[in-house]
Each structure stands twice: as structure tokens, then as C-alpha cells.
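Engineer: In the working numbering, the protein residues as written are 178 to 369.
By construction, the Cβ of each residue, glycine as well, lies at the ideal position given by its N, Cα and C atoms.
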Amino acid sequence: MPKIVDHDARREAIAECAVRAVAEYGLDRVKLEHVAEIAGCTTGSLMHFFPNKRAILEAALQHVATRLAERYGAARDAADLVDALASVLPLDATRQREWRVWVSYFGIAGFQTRLREAHHDFYEQNRAWVLDILEDAVERGELRPDLPLQDVADQIVGLTDGIGVRATMDPDAWGASQQRALMASFVGLLRA
């Protein structure tokens with residue numbers, strides 16, 4: 178009897194393995210062999226689920242974007258505004274690995290239409306999530322009601338990128354407490 182494989186689940190598992198491989202070896206040096214080794218399979222097995230290396234690496238980027246989206250979605254229920262906004266920062270090993278992958282794509286996204294569009298779409302959605310979190314905070318009385326929330330959302334997206342890049346490039350100097358403190362400092366300027 179043939180083995181039944183959930184293709185979507187297997188593709189997602191391979192994408193997670195690709196995230197780990199890119200985080201370890203870098204986007205320019207990662208090989209299919211690295212992904213296969215982490216996945217515990219052969220490179221030929223990878224090709225049953227993806228047509229080529231590029232598709233696997235794009236799936237890794239999408240995997241990271243999905244995880245960030247899930248964190249922002251969960252953050253809407255956070256009791257603390259700073260915790261909600263900091264939830265996507267590289268505060269732990271998993272998020273550090275995801276940020277290494279995200280930052281790896283910055284350099285090439287400007288030159289590849291599909292990646293540039295993926296980044297654009299993600300940032301539009303990212304801004305919308307932040308805006309939702311801010312609107313909820315205004316309704317709870319945590320933020321001044323006169324704030325230009327669209328501008329503040331853009332500022333937070335930029336601040337998040339800045340903190341995330343710095344923490345990715347210099348994790349010893351930019352630990353979780355430093356990252357959270359900087360976000361808290363900014364939020365303090367917005368309080369009612």
C-alpha cells in the first residue's frame with residue numbers, strides 16, 4: 178500500500194527546514210543538501226514538493242512572514258501594548274532565526290520582482306496589523322486619542338525593522354531586554 182503524504186504539511190515542514198538552513202549558512206551559501214539534511218531526506222525528495230531551490234527559498238521567506246503574521250494576530254489579545262508590539266522582534270532563538278532569514282532577503286528583494294512584491298505585500302499587511310493594535314489601545318484608553326495612527330503605525334514598522342536588524346546583526350548588544358526597552362520608550366511617548 179502506498180504511503181499517504183500530506184503534501185501541504187510536508188511543504189510547510191520543508192520550508193521550516195529551509196528557514197533553519199538559511200539562518201545557519203546564509204542565503205548566498207545555502208544548498209539543497211543543507212535543507213535535505215535538516216529535513217532528514219534526500220535532495221530528490223525535496224523535488225517532489227518544490228520544483229527547484231528558488232521555490233524552496235521563497236517558501237522559507239513565506240514561512241517567516243506567516244510566523245510574523247501569526248504573532249501580530251495573537252498580539253491583538255495581549256494585555257500590554259509594548260508586549261504586543263514587541264512580539265515580532267527577535268527576542269528568542271526562534272525569532273532570531275526568522276529575522277536572520279528576513280534580513281537575508283533584504284539585499285536581493287530590490288532586484289527581484291517577485292520578492293519585492295512579496296516584501297511590499299508583507300509590509301502593507303504589517304502596517305495594517307500594527308494599526309489594528311494601535312486602534313485597540315486607543316479604545317482601551319492606553320494611547321492619546323489625537324494621535325495620527327497611520328503615521329504612528331509607519332513609525333512602529335520602521336522602528337521594528339531597525340531594532341530587528343540591529344538585534345540580528347549584533348545580538349549580544351541588542352538582547353531581548355534592550356529591544357523591549359526601546360519599544361517601551363517609544364510607546365511611552367504615545368501614552369495618554
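Starting from the C-beta of Lys230, find all residues in its chain whose C-beta is less than 7 Å away, skip the five residues before and the five after it, and write them out in chain order.
Structural biologist: Working through the sequence shown from its first residue, we reach residue 230 at position 53. If we look at Lys230 and ignore the five residues flanking it on each side, its Cβ neighbours are Leu209.
Engineer: Put Leu326 into one of helix, strand or coil per three-state DSSP.
Structural biologist: Mapped onto the sequence shown, residue 326 falls at position 149. Note: Leu326 maps to helix in three-state DSSP.
Engineer: At a cut of 8 Å, does the segment 267 to 278 reach the segment 326 to 337 through at least three beta carbon pairs?
Structural biologist: Because the criterion of three Cβ pairs below 8 Å is not met, the segment 267 to 278 and the segment 326 to 337 do not touch.
Engineer: What span of residues does the alpha helix (DSSP H) with Thr220 cover, start to end?
Structural biologist: Taking the first residue of the sequence shown as position 1, residue 220 is located at position 43. Run containing Thr220: Thr220 to Leu223, per the alpha helix (DSSP H) assignment.
Engineer: Determine the direct distance from the alpha carbon of Ala192 to that of Ala186, and round the result to whole angstroms.
Structural biologist: Indexing the sequence shown from 1 puts residue 186 at position 9. Indexing the sequence shown from 1 puts residue 192 at position 15. Approximately 10 Å, taken between the alpha carbons.
Engineer: Could you tell me the distance, in whole angstroms, from the CA atom of Ala236 to the CA atom of Glu189?
Structural biologist: The residue you call residue 236 lines up with position 59 of the sequence shown. The residue you call residue 189 lines up with position 12 of the sequence shown. Distance between the alpha carbons of Ala236 and Glu189: 8 Å.
Engineer: In the DSSP assignment, find the alpha helix (DSSP H) that holds Val315 and state where it starts and stops.
Structural biologist: By 1-based counting over the sequence shown, the position of residue 315 is 138. Start and end: Thr290 to Glu316.
Engineer: Closest by CA to Gly341, which one among Ala314, Met360, Val315 and Leu258?
Structural biologist: Residue mapping note: residue 341 aligns to position 164 of the sequence shown, counting from 1. It is Met360 whose Cα lies nearest to the Cα of Gly341.
Engineer: By a C-beta neighbour count over all protein chains shown, 10 Å radius and 16 as the cutoff for buried, is Leu366 buried or exposed?
Structural biologist: As a working note, residue 366 is residue 189 in the sequence shown. Label assigned to Leu366: exposed.
Engineer: If I measure Cβ to Cβ from Ala195 and keep anything under 7 Å in the same chain, skipping five residues before and after, which residues do I get?
Structural biologist: Along the sequence shown, read from residue 1 onward, the residue named residue 195 stands at position 18. Answer for Ala195: Val212, Ile233, Leu234, Ala236 and Ala237, listed in chain order.
Engineer: Return the chain-ordered list of same chain residues with a C-beta closer than 6 Å to the C-beta of Ala322, the five sequence neighbours on each side being excluded.
Structural biologist: If you number the sequence shown from 1, residue 322 lands on position 145. Reading off the sequence, residue 322 comes out as Pro, not Ala. Closer than 6 Å at the Cβ level, and outside the excluded window around Pro322, lie Val315.
Engineer: Go ahead and pull the three-state DSSP assignment for Arg206.
Structural biologist: Here residue 206 refers to the residue found at position 29 of the sequence shown. Residue state, collapsed to three classes: coil.
Engineer: On the three-pair Cβ rule with 8 Å, is the segment 249 to 262 touching the segment 292 to 301?
Structural biologist: These segments do not touch.
Engineer: State the DSSP-derived secondary structure class of Arg253, mapped to helix, strand or coil.
Structural biologist: Here residue 253 is taken as the residue at index 76 of the sequence shown, counted from 1. Of the three classes helix, strand and coil, the one that applies to Arg253 here is coil, per DSSP.
Engineer: By DSSP, does Leu238 sit in helix, in strand, or in coil?
Structural biologist: Mapped onto the sequence shown, residue 238 falls at position 61. Leu238 falls in the helix class under three-state DSSP.
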